[in-house]
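Peer 1:
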Amino acid sequence: MGLFSKKPPCPICGGKIPLILPSKIEGEYICNNCYNKIDMDADKESNLTMQGFREYLAFYDQNQILKGQFVVSERIDFGLWDTKIIFDYQNKLFCMSKNPDKTVFEGRQLKSFTIREDSTPLFEGSAAGIRRYTSTVTERAMAMAPQIAQIAASKRMARTLDRLDDGKVNNSTPVQYFDIPEPFQAFHVELHFDHSYWTVLKCDMDGPRFNNTLPDVNNYLRSYQQSIEEIEKLVAALRMVAFPDAAEQSIGPGMVGMGVLQTNMAPPADAIEEIKKYKALMEDGVISQQEFEAKKKQLLGI
Ligand SMILES: [Zn+2]
Numbered sequence: 001m002g003l004f005s006k007k008p009p010c011p012i013c014g015g016k017i018p019l020i021l022p023s024k025i026e027g028e029y030i031c032n033n034c035y036n037k038i039d040m041d042a043d044k045e046s047n048l049t050m051q052g053f054r055e056y057l058a059f060y061d062q063n064q065i066l067k068g069q070f071v072v073s074e075r076i077d078f079g080l081w082d083t084k085i086i087f088d089y090q091n092k093l094f095c096m097s098k099n100p101d102k103t104v105f106e107g108r109q110l111k112s113f114t115i116r117e118d119s120t121p122l123f124e125g126s127a128a129g130i131r132r133y134t135s136t137v138t139e140r141a142m143a144m145a146p147q148i149a150q151i152a153a154s155k156r157m158a159r160t161l162d163r164l165d166d167g168k169v170n171n172s173t174p175v176q177y178f179d180i181p182e183p184f185q186a187f188h189v190e191l192h193f194d195h196s197y198w199t200v201l202k203c204d205m206d207g208p209r210f211n212n213t214l215p216d217v218n219n220y221l222r223s224y225q226q227s228i229e230e231i232e233k234l235v236a237a238l239r240m241v242a243f244p245d246a247a248e249q250s251i252g253p254g255m256v257g258m259g260v261l262q263t264n265m266a267p268p269a270d271a272i273e274e275i276k277k278y279k280a281l282m283e284d285g286v287i288s289q290q291e292f293e294a295k296k297k298q299l300l301g302i
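With UniProt numbering, the residue at position 30 of the sequence shown is 30, and numbering never jumps.
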């Protein structure tokens with residue numbers, strides 16, 4: 001008791017310094033209540049001086065007013081990605097949390113944003129405009145279809161042979177693991193600020209994954225489409241609070257919508273090749289004629 005009680009009170013508020021792992025600024029202990037108010041770029045936090053912290057607290061008090069005004073008009077919840085952003089369209093505010101309990105940003109403090117699929121740009125936004133780049137993810141996933149169908153077919157075949165063997169399922173057939181990498185791994189969102197305490201906020205969101213026991217391109221494309229819808233919602237919300245006058249511009253070959261197949265053009269040469277592969281699968285009895293016809297229509301976009 002004697003040792004600990006000698007710690008001076010918090011130099012900011014006079015509050016009690018915690019006994020265990022107290023936080024320090026410039027070598028001075030501060031209380032948890034003060035420390036918990038810190039919400040800024042990690043490098044700004046690590047260089048924080050006591051004078052800087054006092055200035056930050058003035059900003060924090062101002063920000064409390066914005067928290068009080070905040071009316072949630074849009075909540076973007078990336079579900080499994082565990083990223084939540086709330087927007088207030090009326091007051092043009094947003095906050096990277098499910099409630100306005102962290103720093104509330106004013107739309108005008110956002111300088112620009114980028115959203116990438118791995119390293120490939122998908123969206124770029126600033127007051128100069130919102131650019132939307134054509135994604136090749138759908139195309140690349142479709143190109144994997146024959147390979148994936150073959151894996152599924154050989155799995156089915158292995159199961160059938162297994163049963164024919166002695167009428168019981170056994171594990172004599174080696175299991176084929178699906179280890180083909182997805183067309184991309186993650187969406188990378190970056191928000192760049194013109195702000196005293198924030199330069200950039202980054203969050204990564206996993207892209208869809210193939211089911212590794214029963215991969216299916218259509219399931220993959222369905223979850224990709226859902227992700228794209230969330231991303232579009234995010235872009236529209238950022239635009240609403242930060243760049244309401246920005247024009248939208250599509251960049252990339254053709255005018256192919258995100259995740260939507262072309263329907264008014266000649267089928268590409270590789271679609272024909274893929275149809276041939278499916279035809280061979282049908283002739284081998286791996287897929288039914290019905291499955292083949294459905295795939296053919298899908299590949300031809302008819
Ligand atoms: Zn304090």
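No residue lacks a Cβ here, since even glycine has one placed at the ideal position from N, Cα and C.
Can you look up D162 in the DSSP assignment and give me helix, strand or coil?
Peer 2: On the sequence shown, position 162 is the one that residue 162 refers to. Looking at D162 - three-state DSSP - the assignment turns out to be helix.
Peer 1: Closer than 8 Å is the cut-off here; do at least three beta carbon pairs connect the segment 42–50 with the segment 202–209?
Peer 2: Touching, no.
Peer 1: In or out: S135 buried (at least 16 other Cβ within 10 Å) or exposed?
Peer 2: Looking up residue 135 in the sequence shown gives position 135. Per the 10 Å Cβ criterion, buried.
Peer 1: Does the segment 93–102 come close enough to the segment 118–137 that 3 or more CB-CB pairs lie under 8 Å?
Peer 2: With a cut-off of 8 Å, the segment 93–102 and the segment 118–137 do not count as touching, because too few Cβ pairs lie within range.
Peer 1: What did DSSP end up calling I228 once you bin it into helix, strand or coil?
Peer 2: For the purposes of this step, residue 228 is taken as residue 228 along the sequence shown, with counting starting at 1. Helix, per DSSP.
Peer 1: Mind listing, in chain order, the continuous beta strand (DSSP E) runs of no fewer than 3 residues lying wholly within the UniProt domain "DUF4428" (9–55)?
Peer 2: Entirely contained in the UniProt domain "DUF4428" (9–55), the beta strand (DSSP E) runs reaching 3 residues are, in chain order, 23–25 and 28–30.
Peer 1: Got a sec: does ligand 1 put a non-hydrogen atom nearer than 8 Å to the Cβ of I38?
Peer 2: The residue given as residue 38 occupies position 38 in the sequence shown. The answer is no for I38.
Peer 1: Could you check where the alpha helix (DSSP H) with E293 kicks off and where it finishes?
Peer 2: Locating residue 293 in the sequence shown gives position 293, counting from the first residue. Run containing E293: Q289 to L300, per the alpha helix (DSSP H) assignment.
Peer 1: Measure how close the beta-carbons of A242 and R108 come, nearest whole angstrom, since I'm counting them as under 8 Å.
Peer 2: Sequence index remark: in the sequence shown, residue 242 carries index 242 (1-based). Sequence index remark: in the sequence shown, residue 108 carries index 108 (1-based). That pair is a contact at about 7 Å.
Peer 1: Which residue marks the beginning of the beta strand (DSSP E) containing E182, and which one marks its end?
Peer 2: Within the sequence shown, numbered from 1, the residue matching residue 182 stands at position 182. Counting along the chain, E182 falls outside any beta strand (DSSP E), and DSSP gives it neither H nor E.
Peer 1: Which value, in whole angstroms, describes the spacing of the CA atoms of R54 and N32?
Peer 2: In the sequence shown, counting from the first residue as 1, residue 54 sits at position 54. In the sequence shown, counting from the first residue as 1, residue 32 sits at position 32. Looking at the two C-alpha atoms, the distance is approximately 15 Å.
Peer 1: Quick check: what's the CA-CA separation for Q64 versus Q225?
Peer 2: Sequence index remark: in the sequence shown, residue 64 carries index 64 (1-based). Sequence index remark: in the sequence shown, residue 225 carries index 225 (1-based). When rounded, the distance between both Cα atoms is 37 Å.
Peer 1: What first and last residue would you give for the alpha helix (DSSP H) that runs through M142?
Peer 2: As a position in the sequence shown, residue 142 is number 142, starting the count at 1. That run of the alpha helix (DSSP H) goes V137 to A143.
Peer 1: Among residues of its own chain, excluding the 5 on either side of R239, which ones have a beta-carbon nearer than 7 Å to its beta-carbon?
Peer 2: Taking the first residue of the sequence shown as position 1, residue 239 is located at position 239. Correct list, in chain order: G125, I130 and A246.
Peer 1: Confirm, please, whether the CB-CB distance from M142 to L300 is below 9 Å.
Peer 2: Reading the sequence shown from its first residue, position 300 is the one you call residue 300. Reading the sequence shown from its first residue, position 142 is the one you call residue 142. Taking 9 Å as the Cβ cut-off, L300 and M142 do not qualify as a contacting pair.
Peer 1: How is the beta strand (DSSP E) around K102 delimited, first residue to last?
Peer 2: Taking the first residue of the sequence shown as 1, we reach residue 102 at position 102. Counting along the chain, K102 falls outside any beta strand (DSSP E), and DSSP gives it neither H nor E.
Peer 1: If we ignore side chains and look at the alpha-carbon of each, how far apart do K37 and G52 end up?
Peer 2: Taking the first residue of the sequence shown as position 1, residue 37 is located at position 37. Taking the first residue of the sequence shown as position 1, residue 52 is located at position 52. Roughly 13 Å between the two C-alpha positions.
Peer 1: What does a CB cutoff of less than 8 Å around G68 pick up in its chain, not counting 5 residues either side in sequence?
Peer 2: If you number the sequence shown from 1, residue 68 lands on position 68. There are no such residues.
Peer 1: Candidates L66, D39 and G252: which alpha carbon is nearest Y56's?
Peer 2: Here residue 56 refers to the residue found at position 56 when the sequence shown is read from its first residue. Per the Cα distances, D39.
Peer 1: Could you pull out every residue in the same chain whose Cβ sits closer than 6 Å to the Cβ of A145, ignoring the five residues on either side in sequence?
Peer 2: Within the sequence shown, the letter at position 145 stands for residue 145. Once the five neighbours on either side are set aside, the close Cβ partners of A145 are V217.
Peer 1: Near V72, what residues of its chain come up, given a Cβ to Cβ distance below 7 Å and the 5 sequence neighbours on each side ignored?
Peer 2: Within the sequence shown, the letter at position 72 stands for residue 72. Closer than 7 Å at the Cβ level, and outside the excluded window around V72, lie I86 and D88.
Peer 1: G259 to D179, Cα distance in whole Å?
Peer 2: What you label residue 259 is simply residue 259 of the sequence shown in a count that begins at 1. What you label residue 179 is simply residue 179 of the sequence shown in a count that begins at 1. A caution first: G259 carries a pLDDT of 42, below 50, which makes its placement in the model too unreliable to give a value.
Peer 1: Going by the CB atoms, is the gap between N91 and F105 shorter than 9 Å?
Peer 2: Within the sequence shown, numbered from 1, the residue matching residue 105 stands at position 105. Within the sequence shown, numbered from 1, the residue matching residue 91 stands at position 91. No, these two residues do not count as a Cβ contact at 9 Å.
Peer 1: Check the DSSP bridge columns for M205 and list the partner residues they point to.
Peer 2: Residue mapping note: residue 205 aligns to position 205 of the sequence shown, counting from 1. DSSP lists F187 as partners of M205.
Peer 1: Assuming E111 contacts D41 under a Cβ cut-off of 8 Å, what Cβ separation, rounded to an integer in Å, is found between them?
Peer 2: Position 111 of the sequence shown, counting from 1, holds the residue named residue 111. Position 41 of the sequence shown, counting from 1, holds the residue named residue 41. The question names Glu, but residue 111 in the sequence shown is Lys. About 14 Å; that fails the 8 Å criterion.
Peer 1: CB of G27 to nearest heavy atom of ligand 1: below 8 Å?
Peer 2: Here residue 27 corresponds to residue number 27 of the sequence shown, with the count starting at 1. Not so, every heavy atom of ligand 1 lies at least 8 Å from the Cβ.
Peer 1: What is the rounded straight-line gap between the Cα of F184 and the Cα of T103?
Peer 2: Here the question's residue 184 lines up with position 184 in the sequence shown. Here the question's residue 103 lines up with position 103 in the sequence shown. In a straight line, the C-alpha of F184 is about 32 Å away from that of T103.
Peer 1: Would the beta-carbon of I12 be found less than 8 Å away from any heavy atom of ligand 1?
Peer 2: Indexing the sequence shown from 1 puts residue 12 at position 12. It does: the Cβ of I12 is within 8 Å (strictly closer) of some heavy atom of ligand 1.
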